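Presented below is the structure to which this report refers.
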Amino acid sequence: MSERVLVTGGAGCIGSELCAALLARGQEVIAYDNLSSGKREHIAPLTNNPRFRFVEANVHDPVALDAALDGVSFVHHLAANPDVKFADDEPDRDLRQNTLATAALLDAMRRRGITQLTFSSTSAVYGTSPVQPIPESQPCRPISLYGATKLACEAMISAHTNLFGLRAWVFRFANVVGGRVRKSGKTVVSDFIAKLRANPRRLEILGNGKQAKSYILVGECVDAMFHVVDHAQDSFNLFNLGGDDWLSVTRIAEMVVEELGLNNVEFAYTGTEAGWPGDIPRFRLDVSALSGLGWRVKHTSEEAVRSAIRGILAIS
Ligand SMILES: NC(=O)c1ccc[n+]([C@@H]2O[C@H](COP(=O)([O-])OP(=O)(O)OC[C@H]3O[C@@H](n4cnc5c(N)ncnc54)[C@H](O)[C@@H]3O)[C@@H](O)[C@H]2O)c1
């Protein structure tokens, strides 16, 4: 049965793919986004669909948010500051955009009696885990304000499931990649492409290149979200979401060089173990809970990143 669904961050890289997939499943979709890092062009292909509506507004705007929630029965909450790096000029950015925005949304949903929510959390909540791959039960010791404020969001959501009858699906995403680029907040792939276009002979790589992380294609990420919502029925459902392999930063640099058709590029490492303060040098997710529900990634991290490089090169 068709239901009205609101996607915060619906003009973002993941949110716009989620909106398209929800429309394909027959839902009525409201994308709610202030375009701080999202782009209108991400949702442009959806705007002709009569079941799609875009609301340009901030989650912190209580009047706009309440109006957008009218008739909504399910919320996918992706709006956030997506950049893990600390912003010196905006030290409270993560608190405002992540924790306080989530608290505002939860309160608006409670007042409207809306009881179904997915939340895009992150593997950054774990910090530098001594256990690899990292299970959901691993204690969280975030090393960035991004990770800390996302963990606070999870805690707020958990409390709402206990107090107010909310049912929630919380996803700790691996690095999600695809052919879309944010207006602000770089990813490793877009950073390398931009740098190599500026200087095709030398690539500055933050860190020692040995950082190794797990990557998943955005389409597969969205598919996994649906699968978990359809199959996990607790009031508070928490899942690592990704594959179980990892890929080094140097290998990503090599792939970007290959895809740009370049040769003899000098890799200039800044040399530290982490790329920047707050960067988690190595992580792999234990995804046995996800596979226990019958869902596995179809592409390796390397295949996902290769596809993202090609997608970004095709549009930029
Ligand atoms: N991409 C990844 O690798 C990754 C990994 C882990 C978690 N996540 C989480 O997934 C979600 C989506 O990430 P993404 O990669 O698509 O980033 P994105 O920047 O493309 O999407 C975030 C969207 O939220 C919007 N937004 C931010 N603050 C808002 C506010 N106050 N009100 C309304 N809209 C607001 C932005 O304009 C943007 O469109 C984020 O919550 C992010 O933290 C992403």
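Start counting at 1 in the sequence shown, then tack on 1, and there's your number in my numbering. Virtual Cβ for every residue (Gly too), placed ideally from N, Cα, C. Please read these numbers as outputs of a predicted model, since none were measured by experiment.
Q.
For SER121 and LEU218, I'd like the C-alpha separation in whole angstroms.
A. The C-alpha of LEU218 is placed about 15 Å away from the C-alpha of SER121.
**Q.** Buried versus exposed, by CB contacts within 10 Å (16 or more), HIS78
**A.** Its Cβ being crowded by 16 or more others within 10 Å, HIS78 is buried.
Q. Are there three or more Cβ pairs, one per stretch, closer than 8 Å when the stretch 180-192 is compared with the stretch 60-80?
A. No, because fewer than three Cβ pairs between the stretch 180-192 and the stretch 60-80 fall closer than 8 Å, the two stretches do not touch.
Q. Quick one: Cα of GLU91 to Cα of GLY13, how far?
A. Rounded to the nearest angstrom, the two C-alpha atoms are 21 Å apart.
**Q.** Beta-carbon proximity list for ASN16, same chain, < 6 Å, skipping 5 on both sides
**A.** At residue 16 the sequence reads Gly, which differs from the Asn that was named. Cβ within range, chain order: VAL8, GLY10 and LEU79.
Q. If you count every other CB in all the chains shown that lies within 10 Å of the CB of SER236, and 16 or more means buried, which is it?
A. Exposed, because fewer than 16 other Cβ atoms sit within 10 Å of the Cβ of SER236.
Q: Kindly examine ligand 1 and report whether one of its heavy atoms sits closer than 7 Å to the Cβ of CYS14.
A: Yes, the Cβ of CYS14 comes within 7 Å of a heavy atom of ligand 1.
Q. How many angstroms separate the CA atom of SER3 from the CA atom of SER124?
A. The straight-line gap from Cα to Cα measures roughly 32 Å.
(Q) Whether or not the stretch 227-246 and the stretch 134-151 are in contact is what I'm after, with contact meaning three or more pairs of Cβ atoms, one per stretch, closer than 8 Å; do they touch? (A) Contact holds: three or more Cβ-Cβ distances are below 8 Å.
Q) Can you list the alpha helix (DSSP H) stretches of 4 or more residues lying completely in the stretch 235-283, in chain order? A) Here the runs fully enclosed are 250-260.
Q | Element boundaries [beta strand (DSSP E), containing ALA169] | A | 168-174 is the extent of the beta strand (DSSP E) around ALA169.
Q: Might you give, ordered along the chain, the residues of its own chain that have their beta carbon closer than 7 Å to the beta carbon of LEU261, omitting 5 neighbours on each side?
A: Cβ within range, chain order: LEU197.
Q) Just reading off the alpha helix (DSSP H) that ASP34 is part of, what are its end residues? A) No alpha helix (DSSP H) holds ASP34; the beta strand (DSSP E) holding it covers 29-34.
Q: Thinking GLN212 and VAL250 are a contact (beta carbons under 8 Å), I'd like their distance in whole angstroms, please.
A: Between GLN212 and VAL250, the beta carbon gap of about 5 Å places them in contact (Cβ cut-off 8 Å).
(Q) Using a Cβ-Cβ cutoff of less than 6 Å, which residues in the same chain neighbour PHE165 once the five nearest sequence positions on both sides are dropped? (A) Take PHE165, set aside five residues on each side of it, and the residues of its chain with a beta-carbon closer than 6 Å to its own are ARG111, in chain order.
Q) Where does VAL8 fall in DSSP's three states? A) Here VAL8 sits in strand by DSSP.
Q | When LEU118, SER145 and LEU107 are compared against SER74, the one with the closest alpha-carbon | A | Nearest of LEU118, SER145 and LEU107 to SER74, Cα basis: LEU118.
Q: Enumerate, from N- to C-terminal direction, the unbroken alpha helix (DSSP H) stretches of 4 or more residues contained entirely within the stretch 33-109.
A: Correct list: 41-44 and 63-69.
Q: Leaving out five residues on either side along the sequence, give the residues of the same chain with a beta carbon under 6 Å from the beta carbon of ASP95.
A: Hits under 6 Å: ASN82, LEU146, TYR147 and THR150.
**Q.** Close Cβ partners of SER159 (< 7 Å) along its chain, the five nearest in sequence each way excluded
**A.** Cβ neighbours of SER159 beyond the five flanking positions: PHE237.
Q: Rounded to whole angstroms, what's the CA-CA distance from CYS141 to SER292? Just pull it up for me.
A: Across the structure, CYS141 and SER292 are spaced so that their CA atoms are roughly 22 Å apart.
Q) Can you tell which of GLN133, LYS86, LEU70 and ALA88 has its C-alpha closest to the C-alpha of LEU106? A) If you compare the alpha carbons of GLN133, LYS86, LEU70 and ALA88 with that of LEU106, the shortest gap goes to LEU70.
Q) Since LEU36 and GLU57 are thought to touch, with beta carbons under 8 Å apart, how far apart are those beta carbons, to the nearest angstrom? A) Indeed, because the Cβ distance is near 6 Å, the residues count as touching under 8 Å.
(Q) Given a cut-off of 8 Å on the beta-carbon distance, is the pair ALA315 and GLY180 in contact? (A) Yes, the pair counts as a contact, with Cβ atoms nearer than the cut-off.
(Q) Considering only DSSP beta bridges, list what ILE206 is partnered with. (A) The bridge partners DSSP lists for ILE206 are TYR270.
Q | Reference ILE281, options LYS214, HIS61 and GLU221, closest by Cα | A | Residue LYS214 is the option with its Cα nearest to ILE281.
Q: Look at the Cβ atom of PHE53, then the Cβ atom of VAL30, and state whether they are nearer than 8 Å.
A: It is a contact, given that the beta carbons lie within the stated cut-off.
Q: Note down, one range per segment and in chain order, each alpha helix (DSSP H) of at least 4 residues found wholly within the stretch 123-173.
A: Uninterrupted alpha helix (DSSP H) stretches at least 4 residues long and entirely within the stretch 123-173 occur at 146-164, given in chain order.
Q: Please find out if some non-hydrogen atom of ligand 1 comes closer than 7 Å to the beta-carbon of GLN133.
A: The answer is no for GLN133.
Q: Assign SER308 to one of three DSSP states: helix, strand, or coil.
A: It is helical.
Q | PRO63 Cβ short of 7 Å to ligand 1 heavy atom set | A | It does not: the Cβ of PRO63 is nowhere closer than 7 Å to a heavy atom of ligand 1.
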